[in-house]
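2 protein chains.
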Amino acid sequence: MKIDAVDLFYLSMPEVTTDADGSQDALLVRVRVGPHTGWGECEASPLTCIASWIAPMSHGACRPVQESVLGQTVDDPSDIARIAALLRYNSMDLLQAPHTFSGIEIALWDALGQRLGEPVYHLLGYKAAHPKLAYASQLFGATPDETGRLAQAARDAGFRAVKFGWVGFGRGSVADDEAHLEAARAGLGGEGRLLIDAGQIFAEDVAAAAMRLPGLARAGAVWLEEPFRADALAAYGALARQGSRVRLAGGEGCHSAAMARNLIDFGGVGFVQIDTGRIGGIGPAKEVADYAVAKGVTFVNHTFTSHLALSASLQPYAGLADHEIAEYPFAPCDLATAITVNHILPDAEGRIRLPGAPGLGMRVNPPALRPYLRDVAISVDGRTLHRTPDLAD
Amino acid sequence: MKIDAVDLFYLSMPEVTTDADGSQDALLVRVRVGPHTGWGECEASPLTCIASWIAPMSHGACRPVQESVLGQTVDDPSDIARIAALLRYNSMDLLQAPHTFSGIEIALWDALGQRLGEPVYHLLGYKAAHPKLAYASQLFGATPDETGRLAQAARDAGFRAVKFGWVGFGRGSVADDEAHLEAARAGLGGEGRLLIDAGQIFAEDVAAAAMRLPGLARAGAVWLEEPFRADALAAYGALARQGSRVRLAGGEGCHSAAMARNLIDFGGVGFVQIDTGRIGGIGPAKEVADYAVAKGVTFVNHTFTSHLALSASLQPYAGLADHEIAEYPFAPCDLATAITVNHILPDAEGRIRLPGAPGLGMRVNPPALRPYLRDVAISVDGRTLHRTPDLAD
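Residue numbers (the working numbering), protein chains in the order written: chain A, 1 to 393; chain B, 1001 to 1393.
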């Protein structure tokens, strides 16, 4: 089956704010492979990805993404890996390429699963998709009281695990952070799993991050996520060697499987968090999951956007029963909810299950997306290289 | 002094081929800082960079590059570092951002040097710019005979060091590669320094790369460059531990100083090759040079394009007398030559010297560039976000 068309749709909320909320826009990808339509989503800057898809070639190792994709055949999973390898070589010097390809790769799995009548996790070699414990991912409150109320609300909504991140954490004093941690634990109750996301606030400052470890341990935090920049391996390694029972988590910034392996090998993380919308799709994420298993590290998805992205992000570790925590978009923007007709909802125990339908098992809802569609036009020397395609299904 | 304007110019040859020749196009950057005009160049996909400069914000950590640059003040080198740190945080999730910012950062150094009446290497803390031994960077011939003739030609042109890369190397048999290596050594003569660039051909296959080490050693190669993908640290480390006297070189793919430090710390390279047009500019490149000195690793520029890019790439290690090899664009496209009025030419001993004039010391030649200027237009919802600016100086 030939890849006949790849269409990129830039969707966004009417107003986008500086909130650390990645669900405010989306780059939705539709592929046509023979008679099948697959959908995927990039967790990336939509306009920049669109440009990288059609940018005129700079030289043999800086070609636009489309050149490695259009016209290729996809008959089994190895074809997707072959296209990914081709892209890595052809677009070696095009930095944005892995972000752009991520949504395309996901859509190719979706189409292939439909063709073969199998959910993607079967194509990855998993017999079954185990339920995952959804954690509600949200931002810290402006005050400890607000953080406590947010934790309580998540618990009341049935979540057994909650992650707080960003806003003030790491910007003020250690005592300020500890007040938030205590409030979060109080709101969540003694049993709930508490996860903390530092959002790279410490850059490479190991001492500043280390000062937070005792408070995190007292609050019973499971992990400290992204204390440092994504590529600050030495800092990660140094903090990991402090031996706190709070493990380090990271990996959402990885744009290749090798980067994630480096974070495991040299950064000493205990949890590796992969966004299939950034790492290059489901294939490299599965490669990281396999490596995590081999190294005794726990794989976790990174998902802050739609349920299409959620399905894609759960596939790579669907069959790993012991890797049971999953990030769950707790309060996404309307756009992210509108992307799919069906949704992956937590059960009474706060657990989520992948659909068993072929492909990603999610039904994209084009008519509902028209209000969010942005009209993009890119031309070079008067020649139109991109114009927003028709979003009819 | 305020950054009043940043203008991006996409230049290209009339025809761009799949040759591994990065000089076929360019993204030239002009900054206006108070009364001063600075110039820089990105070694990156021009259209993709332009999109990342103006892309509508996706969320607080995925903002367009312009948001961290325009209106900022630049009065001393620390201001440039402050803007870089701001960008890293604001555009954490915009993968292309470091490539885009590289040319801007270089242009800011150029403008600041003019304002302070100092060459950039003085602003970096170097008292003098030591001459560097230019190596002619070129592609292998199609046959060993042609490789030999190319080596001879470089030697006849006065070069004491030659690098061959790409085309067939690593794609055929070990014997094929060795025939090219022997021919290169014969053409270059016994004294010349021979450098080999594998262009990531072995991906992560340590054994395949290791099979080439004896032939490289016999030909007296100084280094084996980029045997693996830029982020394949474990593969680099494993090959380095083989203990060949041929050292590993790499780093051109680094888009942050941390990535280069990782390559030194975990990849065991003996030479770290930095392109200021990719790593984020001159500041992070200087950071890598300092780190290389501390770790006993040799810093080398990566430059395959214009003499504006060459000046920028030499500044970060200008004062390091022992780090004496420099990549020199041997046969760039006309466009790359046309970018500057003045050029950095090897002397009779094959050595090159940075100009002592303020800033980068290079005079950009706008009138000569008009034939290469591409007219780019990007709009979203009918609103023009980018239109190629006027290239009058």
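The beta-carbon is built from N, C-alpha and C at its ideal position, and this holds for glycine as well.
The structure displayed is predicted, hence computed values, not measured ones.
Review point. Given a limit of 8 Å on CB to CB distance, which residues of the region 254 to 273 of chain A reach chain B?
Key: Listed by position along the chain: His255, Ser256, Ala258, Met259, Arg261, Asn262, Asp265, Phe266.
- Item | CB contact below 8 Å: Ala1055 of chain B versus chain A | The Cβ of Ala1055 of chain B sits closer than 8 Å to at least one Cβ of chain A.
query: Any idea if Leu345 of chain A is buried or exposed, counting beta-carbon neighbours within 10 angstroms, 16 or more meaning buried?
result: Label assigned to Leu345 of chain A: exposed.
Could you compute how far the alpha carbon of Ala1026 of chain B sits from the alpha carbon of Glu1043 of chain B? So the two alpha carbons sit approximately 7 Å from each other.
Give every residue of the same chain whose Cβ lies closer than 7 Å to the Cβ of Cys86 of chain A, excluding the five residues on either side of it in the sequence, and list them in chain order. Sequence inspection shows Leu at residue 86 of chain A; the Cys mentioned does not correspond to that position. Residues Ser68 of the same chain have their beta carbon placed closer than 7 Å to that of Leu86 of chain A, with the five preceding and five following residues left out of the count.
| query | What whole-angstrom Cβ distance do Gly1040 of chain B and Gly1113 of chain B have, given they're in contact under 8 Å? | reply | Actually they are not in contact, since the Cβ atoms of Gly1040 of chain B and Gly1113 of chain B sit about 12 Å apart, beyond 8 Å.
Practice task
Kindly indicate which residue of A:Leu94, A:Gly189, A:Leu194, A:Ala235 has the alpha-carbon position closest to the one of Glu204 of chain A.
Solution key: With distances taken between Cα atoms, Glu204 of chain A lies closest to A:Ala235.
* To do: Please specify which runs of the alpha helix (DSSP H), each continuous and at least 4 residues long, are wholly inside the region 1308 to 1383 of chain B, giving them in chain order.
  => List check, alpha helix (DSSP H) in window: 1334 to 1338, 1366 to 1369.
### Proximal residues of chain B, C-beta to C-beta of Asp394 of chain A below 9 Å
With chain A running from 1 to 393 in the structure shown, residue 394 of chain A is simply not present.
Using a Cβ-Cβ distance under 8 Å, would Val1078 of chain B count as near chain A? A quick correction: the sequence has Ser, not Val, at residue 1078 of chain B. So, not an interface residue.
Could you spell out the range, first to last residue, of the beta strand (DSSP E) harbouring His6 of chain A? The residue asked about is misnamed: residue 6 of chain A is Val in this sequence, not His. Start and end: 3 to 12.
Requested in this report: Go ahead and pull the three-state DSSP assignment for Gly102 of chain A.
Outcome: Position check: residue 102 of chain A holds Ser in this sequence, whereas Gly was assumed. Three-state result, Ser102 of chain A: helix.
Q. Alpha carbon to alpha carbon, how far is Glu1105 of chain B from Pro1284 of chain B?
A. Separation of Glu1105 of chain B and Pro1284 of chain B (C-alpha to C-alpha, rounded to the nearest whole angstrom) is 10 Å.
Close Cβ partners of Arg1370 of chain B (< 7 Å) along its chain, the five nearest in sequence each way excluded: Correct list, in chain order: Leu1391.
Note down the Cα distance separating Pro46 of chain A from Thr384 of chain A, rounded to an integer number of angstroms.
Here the alpha carbons of Thr384 of chain A and Pro46 of chain A stand approximately 18 Å from one another.
Report task. Pull out every residue of the region 1011 to 1025 of chain B whose Cβ sits closer than 9 Å to any Cβ of chain A, in chain order. Result -> Under the 9 Å Cβ criterion, the region 1011 to 1025 of chain B contributes Ser1012, Val1016, Thr1017, Thr1018, Asp1019, Ala1020, Asp1021, Gly1022, Ser1023, Gln1024, Asp1025.
Along the region 1114 to 1146 of chain B, what residues have a CB closer than 9 Å to any CB found in chain A?
Correct list: empty, as no residue qualifies.
For Pro77 of chain A, I'd like the list of residues in its chain whose CB is within less than 6 Å of its CB, leaving aside the five on either flank, ordered along the chain.
Hits under 6 Å: Leu123.
Would Ala946 of chain B and Phe1299 of chain B qualify as a contact pair, given that the criterion is a beta-carbon distance under 8 Å? A question about residue 946 of chain B goes unanswered here, because the residues of chain B that appear run from 1001 up to 1393.
Fill in: Proximity test, Cβ basis, 8 Å: His1343 of chain B and chain A
His1343 of chain B does not count as touching chain A.
Interface positions of the region 212 to 232 of chain A facing chain B (Cβ-Cβ less than 7 Å), listed along the chain: Answer in chain order: Arg229, Asp231, Ala232.
Using a C-beta to C-beta distance shorter than 7 Å, which residues of chain B count as neighbours of Ala61 of chain A? Those are Ala1020, listed as they occur along chain B.
- [ ] Return the CA-CA distance between Val297 of chain A and Val269 of chain A, expressed in angstroms with no decimal places.
- [x] Those two C-alpha atoms are separated by around 7 Å.
Measure the C-alpha to C-alpha separation of Arg185 of chain A and Arg218 of chain A and round it to an integer number of angstroms. If you take the alpha carbons of Arg185 of chain A and Arg218 of chain A, they lie about 10 Å apart.
- Which class does Pro1227 of chain B belong to by DSSP, given the choice of helix, strand or coil? Of the three classes helix, strand and coil, the one that applies to Pro1227 of chain B here is coil, per DSSP.
Please list the terminal residues of the continuous beta strand (DSSP E) segment that includes Lys1127 of chain B. Lys1127 of chain B -> no beta strand (DSSP E), and no H or E assigned at all.
| message | Below 8 Å, how does it come out for the region 304 to 320 of chain A and the region 359 to 366 of chain A: are there three or more Cβ pairs, yes or no? | response | In this structure the region 304 to 320 of chain A lies against the region 359 to 366 of chain A, because at least three pairs of beta carbons, one per stretch, are closer than 8 Å.
message: Given this structure, state the Cα-to-Cα distance separating Glu349 of chain A from Phe330 of chain A, to the nearest angstrom.
response: CA-CA distance, Glu349 of chain A to Phe330 of chain A, rounds to 16 Å.
Practice problem: Let me know if Glu327 of chain A comes out buried or exposed under the rule of 16 or more other beta-carbons within 10 Å of its beta-carbon. | Solution: It is buried - the Cβ of Glu327 of chain A has at least 16 other Cβ atoms within 10 Å.
Next item on the list: Grab me the residues of Ser1091 of chain B's own chain with a C-beta within less than 7 Å of its C-beta, minus the 5 sequence neighbours each way, in chain order.
Entry: For Ser1091 of chain B, same chain residues with a beta-carbon under 7 Å away, outside a window of 5 residues either side, are Cys1062, Arg1063, Val1065, Ser1068, Ala1097 in chain order.
### Task
Can you tell me the Cβ-Cβ gap for Val1380 of chain B and Arg1363 of chain B, rounded? I've got them flagged as a contact below 8 Å.
Incorrect: roughly 37 Å between the Cβ atoms, too far for contact.
Rounded to the nearest angstrom, what separates Ala1153 of chain B and Pro1119 of chain B at their Cα positions? When the Cα atoms are used, Ala1153 of chain B and Pro1119 of chain B turn out to be separated by approximately 34 Å.
Tell me which residue opens and which closes the beta strand (DSSP E) that Gln1273 of chain B is part of.
Note, Gln1273 of chain B: beta strand (DSSP E), 1271 to 1274.
| field | Sufficient close CB pairs (3 or more, under 8 Å) joining the region 190 to 197 of chain A to the region 142 to 162 of chain A | value | Yes, the region 190 to 197 of chain A touches the region 142 to 162 of chain A.
| field | Endpoints, the beta strand (DSSP E) within which Asp1197 of chain B is located | value | Note, Asp1197 of chain B: beta strand (DSSP E), 1193 to 1197.
Query raised in the report: Among residues of its own chain, excluding the 5 on either side of Tyr1317 of chain B, which ones have a beta-carbon nearer than 6 Å to its beta-carbon?
Result: Correct list, in chain order: Ala1289, Phe1299, His1323.
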